[in-house]
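Written below as structure tokens is the structure these notes are about.
Numbering (this note's numbering), first residue to last: 280 to 577.
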């Protein structure tokens, strides 16, 4: 049934990849291999029938001829070279690749369950990959040049973590986790996954209570408090700098005596924010004045 055979079970949909994916992959391999082996054949031909080789080569059977050439001749030598260097290796690669890809297509199945996407794959070793829907970030459908020729697509599933690559039959790299190739109707699997993803679009009520309980907002409250202090400082001016200089204290000395960073003293002197009552008391004690002498309203 096309490239995606959906089989409904309880909270489950099963699918397989289309056999045309195997043909497409073999075609891509040939696009790479044929030019390579053509170049090798051309090199062998030039090496055998090249001008320099012809000049060096004596007629078969003559005292100057090589031992192989004396037995089989130049055309026969080229034939055996092409056979063993080009034809046989090409056939071996294609046979192994065709077998591996056929086994891969046969073993590749996937299930859309209630909470997970499960992918079964493998050539010699079968692997089960489970992708929780809560980790899925994005779903994309890819149709390359060769995919369009065979009217198939690849569904790529981006997750929060990095998925690992699977077995690589032939010369083609295959990534089974979050990667479903050879689908005739990819919209079906996309729709089924999106249906499951909707349940994770909102926080469960119990999780929301845990994440946003009052004690978890302490940091936000702290930031809000600091900002409010900074805004209040715009209307409140200080005499700290004048009183400090009167006591012949530097900013560093005052900061050390009250136990705060020097930057805090500078912010207070510039009127950027209001200090706490404890800090104001310490500063007043060091500067030998009343707390109300440190500040004035504008």
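Beta carbons are placed, not taken as given, at the ideal position from N, Cα and C, and that holds for glycine.
Between which two residues does the beta strand (DSSP E) containing residue i stretch?
| i | result |
| --- | --- |
| residue 416 | 415-421 |
| residue 429 | Residue 429 -> not in any beta strand (DSSP E); alpha helix (DSSP H) instead, spanning 424-429. |
Our contact map puts residue i next to residue j with C-beta atoms below 8 Å; I'd like the distance itself, whole angstroms only.
| i | j | result |
| --- | --- | --- |
| residue 386 | residue 411 | About 23 Å; that fails the 8 Å criterion. |
| residue 435 | residue 458 | 6 Å |
| residue 461 | residue 297 | 5 Å |
| residue 384 | residue 323 | Not quite, the Cβ-Cβ distance comes to about 35 Å (not below 8 Å), so this is no contact. |
| residue 425 | residue 306 | 6 Å |
| residue 402 | residue 382 | 5 Å |
| residue 392 | residue 291 | 5 Å |
| residue 369 | residue 312 | 6 Å |
| residue 545 | residue 530 | 6 Å |
| residue 469 | residue 420 | 7 Å |
| residue 518 | residue 575 | 7 Å |
| residue 418 | residue 374 | Not confirmed; about 36 Å, so no contact. |
| residue 293 | residue 388 | 6 Å |
Report the option in the options whose CA atom is closest to the CA atom of residue i.
| i | options | result |
| --- | --- | --- |
| residue 571 | 516, 476, 528 and 304 | 516 |
| residue 565 | 525, 545, 542 and 549 | 525 |
| residue 428 | 476, 300 and 327 | 300 |
| residue 416 | 376, 388 and 475 | 475 |
| residue 325 | 310, 306, 312 and 354 | 354 |
| residue 432 | 295, 309 and 573 | 295 |
| residue 557 | 541, 542 and 537 | 537 |
| residue 356 | 327, 380, 365 and 367 | 327 |
| residue 407 | 390, 532, 547 and 374 | 390 |
| residue 549 | 568, 573 and 535 | 573 |
| residue 378 | 535, 358 and 302 | 302 |
| residue 522 | 567, 543 and 553 | 567 |
| residue 532 | 466, 309 and 562 | 562 |
| residue 308 | 358, 380, 367 and 359 | 380 |
| residue 314 | 547, 559 and 365 | 365 |
| residue 413 | 372, 405, 467 and 477 | 477 |
Any idea which residues DSSP pairs residue i with across the strands?
| i | result |
| --- | --- |
| residue 408 | 398 |
| residue 434 | 420 and 459 |
| residue 550 | For residue 550, which the question treats as bridged, DSSP gives no partner whatsoever. |
| residue 574 | 517 |
Identify the continuous alpha helix (DSSP H) that holds residue i and give its terminal residues.
| i | result |
| --- | --- |
| residue 560 | 556-565 |
| residue 369 | 367-386 |
| residue 530 | 530-537 |
| residue 465 | 465-476 |
| residue 307 | 299-328 |
Quick check: is any heavy atom of the ligand GTP less than 6 Å from the C-beta of residue i?
| i | result |
| --- | --- |
| residue 320 | Looking at this structure, you won't find the ligand GTP or any other ligand, since it has none at all. |
Three-pair Cβ contact test at 8 Å for the region 394-405 versus the region 308-320:
no
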